[in-house]
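Chemist:
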Amino acid sequence: MSQYFEIHPDNPQSRLIKQSVDIIKKGGVIIYPTDSSYAIGCHLGDKKAMDRIRMIRQLDKSHDFTLVCRDLSEISQYAVVDNLNYRLMKSLTPGPYTFILPATREVPKRLLNPKRKTIGIRVPDNAVCSALLEELDQPIMSSTLCLPHDEFPLTDPFQIRLKLESVVDLIVDGGYSGHEATTVVSLINDKPEILRHGLGSADWLQQH
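Going by our numbering, 827 is the number at position 137 of the sequence shown; the sequence numbering is gapless.
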């Protein structure tokens, strides 16, 4: 049976944020809100917790996890980014974008795309998520909370609790969320390439 914390979406209670982070640090798998949809995540590099997420979502080993970061100051530790792409990312964050970048050696190999050695980086615009990341002081290894055979992510914390309270350690209820995925932007080559159109606007691409 998981714990269930109702956290205010605009003014997260620090006590509950600290308890949530303690669960992550102890190897827990948590469900938490972002600015696009709910995500399922765990401590960076925790293989057992990552395997549990794969089992819950029925993911194969080729699935890319995303590092959800509090801000761009963390990115240089995990990804290689030049000045031009950094400025682009700065203009779009925080927001509903996932950036695909070459990974540094700091990133555990099991998190990388095995063919390209890349990693997904994300900086959401969500107060609860930001508070969790600030308290944790490192990224959360995450995946969208979309169950097997479902077309869209789960959006209702009550339904999430009914379906998943027996297989995760914590559900953070930050209110209803959207169900649209992030826009995925590859920054691997000379020019940005949108791999998936989602919630984030792509208008900036015409000026880049």
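Glycine residues also receive a C-beta, built at the ideal position from the N, C-alpha and C atoms.
What's the gap between the Cα of His753 and the Cα of Gly718?
Modeler: Near 20 Å, if we compare the C-alpha coordinates of Gly718 and His753.
Chemist: Would you say Val900 and Ile765 are within 9 Å of each other, going by their C-beta atoms?
Modeler: What the structure shows of the chain is the stretch from 691 to 898, and residue 900 is not part of that stretch, so it cannot be assessed.
Chemist: Between which two residues does the beta strand (DSSP E) carrying Val874 extend?
Modeler: Taken as a continuous stretch (DSSP letters only), the beta strand (DSSP E) holding Val874 covers Thr873 to Ser876.
Chemist: Give the range of the beta strand (DSSP E) segment to which Cys819 is assigned.
Modeler: From DSSP, Cys819 is part of no beta strand (DSSP E) but of the alpha helix (DSSP H) over Ala817 to Leu826.
Chemist: Counting along the chain, where does the alpha helix (DSSP H) carrying Tyr768 start and finish?
Modeler: That run of the alpha helix (DSSP H) goes Ile765 to Tyr768.
Chemist: CA-CA distance, Glu696 and Gly864?
Modeler: Their backbone Cα atoms lie some 6 Å apart in a straight line.
Chemist: Kindly identify the DSSP beta-bridge partner or partners of Thr756.
Modeler: Its beta-bridge partners are Gly810 and Ser832.
Chemist: Beta strand (DSSP E) containing Gln703: first to last residue?
Modeler: Per DSSP, Gln703 belongs to no beta strand (DSSP E) and is neither H nor E.
Chemist: So, using beta-carbon positions, are Pro829 and Thr724 closer together than 9 Å?
Modeler: No. Outside cutoff.
Chemist: Excluding five sequence neighbours on each side, which residues of the same chain lie with their C-beta closer than 7 Å to the C-beta of His887?
Modeler: Here the set comprises Thr873.
Chemist: Taking just the CA atoms, how far does Gln767 sit from Leu757?
Modeler: Roughly 11 Å separates the two Cα atoms.
Chemist: Taking 9 Å as the threshold (C-beta atoms), are Pro792 and Ala769 in contact?
Modeler: Against a cut-off of 9 Å, the Cβ pair of Pro792 and Ala769 comes out as a contact.
Chemist: What's the C-alpha gap between Met745 and Asp827?
Modeler: Cα to Cα, Met745 sits roughly 27 Å from Asp827.
Chemist: Alpha carbon to alpha carbon, what distance is there between Glu841 and Ser832?
Modeler: Answer to the nearest angstrom: the Cα atoms are 18 Å apart.
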